[in-house]
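Below: the structure, in structure tokens.
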Amino acid sequence: MAITGSIFWKNLEYKLVWHDCDSFDEIKDKKLQQSYGVCFYKGKLVIVHGQIGWGLVGGHIEKDETPEIALEREVVEESNMRVIKQIPIGYQVVTNPDGSKDYQLRSFCLVEPIGSFVKDPDGSVTEIKLIDPKDYKKYFNWGKIGDRIMERALELLV
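This note's numbering runs 12 ahead of the 1-based position in the sequence shown.
Next up, the structure:
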């Protein structure tokens with residue numbers, strides 16, 4: 013299933029195409045930019061407050077990191093939780109204004125705390141919340157692509 017959309021960032025348009033997947037093998041040789049998790053703890057959705065508002069836990073994939081390891085690292089850094097289960101749900105291809113493409117990965121995750129939340133070491137996350145998943149649009153609304161990401165994650169939660 014492909015869903016298209018676009019976002020504007022700093023007055024520039026970025027085109028998005030979402031693809032469902034159960035494995036990231038089909039894109040492992042592409043320019044993988046981000047790995048984010050739709051993370052759940054005891055049935056609640058874990059969201060983080062960063063520089064541009066509320067969103068999912070995750071971030072950039074560092075050199076020599078797999079997407080899975082990057083997400084595990086980001087979950088610890090941003091929420092002081094650990095990933096206990098991770099399943100790919102899809103990715104979006106971002107066409108940048110210059111025509112280059114980046115791949116942003118999304119996974120379903122079950123997490124558990126490893127201690128009290130202390131702000132993200134790089135300072136980008138200042139607060140975390142555990143919310144009822146059906147209330148996510150009170151915090152962020154990413155249109156049809158966001159709806160599909162949440163739908164895929166909730167299918168795995170049951």
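Ideal placement from N, C-alpha and C gives every residue a C-beta, glycine not left out.
None of these values were measured; they are calculated from a predicted model.
Contact check, K68 vs G49, beta carbons under 8 Å: Residue 68 is actually Leu in this sequence, not Lys. For L68 and G49, yes; Cβs fall inside 8 Å.
Y151 - DSSP class collapsed to helix/strand/coil: coil
At least 3 beta-carbon pairs within less than 8 Å: the segment 46-63 vs the segment 105-123: yes
Candidates I39, L166, K43, of which the one nearest K113 by Cα: K43
Pair within 8 Å by beta-carbon distance, A165 and I81: no
Cβ shell of P79 (< 7 Å), same chain only, five flanking positions each side left out: F36, L44, S47, I73, L117
Of the listed residues Y103, V88, D144, nearest to S128 (C-alpha basis): V88
DSSP three-state assignment for L122, whether helix, strand or coil: strand
N- and C-terminal bounds of the beta strand (DSSP E) containing P79: No beta strand (DSSP E) contains P79, which is instead part of the alpha helix (DSSP H) from 79-91.
I39 versus D134, Y103, G65, V95, residue with shortest Cα-Cα distance: Y103
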